[in-house]
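In this note's numbering, the protein residues as written are 310 to 775.
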């Protein structure tokens with residue numbers, strides 16, 4: 310008996326269900342992929358906006374520093390604005406005064422003072438800003454020149470220090486990023502940017518490789534770059550001493566060969582002022598010049614510490630000349646003032662006040678302070694083995710390889726200022742110590758081993774480039 314063959318019945322519904330599930334799976338995976346791509350694109354966009362805002366702020370701050378003397382009458386270049394920390398001024402404006410001298414401060418970036426829009430990071434937050442006490446514009450530090458160092462320290466996200474000791478940070482600009490747990494960014498004290506002026510609500514802290522960092526702590530002045538997903542998410546850029554001064558030295562009027570260079574003009578005027586002293590002795594035909602001031606001082610920023618010292622034939626340019634005056638019966642007790650220098654000193658005075666530590670002065674035997682008359686060059690100074698000069702004024706240009714320049718003006722950290730080889734080169738160094746008034750000093754074109762600039766006072770008390 311044959312049984313009929315059983316043919317299985319196909320169910321179209323079951324195949325359709327599989328197709329639907331497959332489509333749903335593909336759609337889900339696609340959605341996740343698109344979402345991931347969108348999230349990545351959003352993060353990239355935020356990072357780009359943050360980087361652009363930080364770069365624009367850095368450029369504006371450097372621009373402010375290198376033109377400070379142009380925009381502030383009677384001032385030199387190099388200063389940075391105070392932050393905005395809600396002191397009652399319009400939002401975005403730098404505080405007129407921030408703290409005490411040489412103490413660093415932190416607050417919001419003064420975007421209005423810098424002629425910037427309200428720069429925001431990729432999370433919509435306005436930028437924050439810390440400035441070294443040695444570079445803020447009020448109150449000013451004792452000496453503002455290319456040896457003035459920053460007080461702040463910048464670290465990479467792994468805790469690596471990013472700058473050497475002689476080129477520390479003068480300013481840091483922060484992008485706060487998204488709020489961290491515990492931060493409260495509510496408030497109306499900053500209506501344009503939104504939020505408040507409490508730094509800890511915007512800038513983060515944490516421990517990285519065993520060391521503590523707090524970007525809101527201006528007292529320690531240690532700032533660390535944030536990392537994605539890290540305990541610190543602040544992004545930052547910083548400005549060093551060299552960033553400021555490399556930019557200033559690119560100015561056409563800051564080239565050593567430029568007659569408009571204020572440092573060359575200062576050196577010339579200082580030499581003229583010293584020569585002018587020799588025209589005010591009693592009797593009038595006594596052309597004696599004042600003694601130099603010592604190389605090592607108790608405070609290099611204080612004019613009154615630049616005191617002339619008897620029987621010193623090479624040293625610093627003197628401000629107080631009472632020792633010399635007692636011998637020459639001169640009418641001046643102080644030099645480097647509008648009352649005791651030739652016309653034009655008023656414009657030089659701010660440069661003298663900030664750069665006097667770079668000026669050095671050597672006097673000849675024949676023109677030392679005496680009560681004699683009609684000095685002549687029996688024993689005078691020479692330059693490059695020729696000529697007869699009553700005195701020479703030397704300006705120490707920017708530091709060369711191997712030279713150590715101090716930033717501090719007092720205390721143990723100022724000791725390198727007492728070593729002449731940290732400032733002058735060649736014969737100007739070797740003849741300086743133990744000078745007796747008949748030395749052969751050196752001049753020449755600037756090079757990698759020599760960049761002193763000298764002005765000579767001749768036997769008739771005329772001033773010329775050496």
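By construction, the Cβ of each residue, glycine as well, lies at the ideal position given by its N, Cα and C atoms.
Separation of the CB atoms of residue 599 and residue 621 is rounded to 10 Å, and the pair is thereby denied contact status at 8 Å. Minimum Cα-Cα distance from residue 576 among the listed residues 561, 668, 555 and 434 corresponds to 668. Rounded to whole angstroms, the separation of the alpha carbons of residue 733 and residue 354 is 51 Å. Annotation: residue 654 to residue 745 spans about 30 Å, alpha carbon to alpha carbon. The DSSP-derived three-state label of residue 544 is strand. Relative to residue 681, the option among 515, 658, 624 and 596 whose CA is nearest is 596.
In the DSSP assignment, residue 583 falls within the alpha helix (DSSP H) that extends over 571-586. Selection 684, 591 and 390 evaluated against residue 443 yields 390 as nearest (Cα-Cα).
For residue 563, the secondary structure class from DSSP, reduced to helix, strand or coil, is helix.
Residue 608 and residue 563 have their alpha carbons spaced roughly 27 Å apart. By the beta-carbon neighbour count (other beta carbons within 10 angstroms, threshold 16), residue 357 is exposed. DSSP lists 625 and 703 as the beta-bridge partner residues of residue 669.
Here the alpha carbon of residue 364 sits roughly 8 Å from the alpha carbon of residue 546. Spatial neighbours of residue 763 in its own chain (CB-CB distance under 6 Å, excluding positions within 5 residues in sequence) are listed in chain order as 701, 703, 752 and 775. Between the alpha carbons of residue 414 and residue 484 lies a gap of roughly 17 Å. Taking the CA atoms as reference points, residue 396 sits about 39 Å from residue 725.
For the set 467, 385 and 417, the Cα lying nearest the Cα of residue 446 is the one of 385. Annotation for residue 523: the continuous beta strand (DSSP E) segment containing it runs 520-523. DSSP places residue 551 inside the alpha helix (DSSP H), whose first and last residues are 550-557. Of the candidates 387, 747, 437 and 553, 387 places its Cα closest to the Cα of residue 450. The beta-carbon separation of residue 479 and residue 463, rounded to 11 Å, does not stay under the 8 Å limit for a contact. Distances from the CA of residue 531 to each of 743, 613, 461 and 422 were compared; the closest alpha carbon is that of 461. In the DSSP assignment, residue 691 is bridged to 749. Measuring C-alpha to C-alpha distances from residue 380 to each of 605, 544 and 423 identifies 423 as the nearest. Our two residues, residue 757 and residue 710, have alpha carbons roughly 8 Å apart in a direct line.
The Cβ atoms of residue 670 and residue 624 lie closer than 8 Å to each other.
Taking C-beta atoms under 8 Å as the contact rule, residue 371 and residue 552 qualify, at a distance of about 6 Å.
Buried is the label assigned to residue 627, since at least 16 other Cβ atoms lie within 10 Å of its Cβ.
The region 535-545 and the region 509-524 touch, with no fewer than 3 CB-CB distances between them shorter than 8 Å. Under the three-state reduction of DSSP output, residue 643 falls in the strand class.
Here residue 509 has 525 as same chain residues with Cβ atoms under 6 Å from its own Cβ, once five neighbours each way along the sequence are excluded. Per DSSP, residue 378 is one residue of the alpha helix (DSSP H) stretching across 377-380. Looking from the CA of residue 474, the closest CA among 738, 716 and 629 belongs to 716. Here DSSP, grouped into helix, strand and coil, assigns residue 773 to strand. Put simply, of 487, 582, 498 and 383 the residue whose alpha carbon is nearest the alpha carbon of residue 536 is 487.
The secondary-structure analysis by DSSP pairs residue 765 across a beta bridge with 701 and 773.
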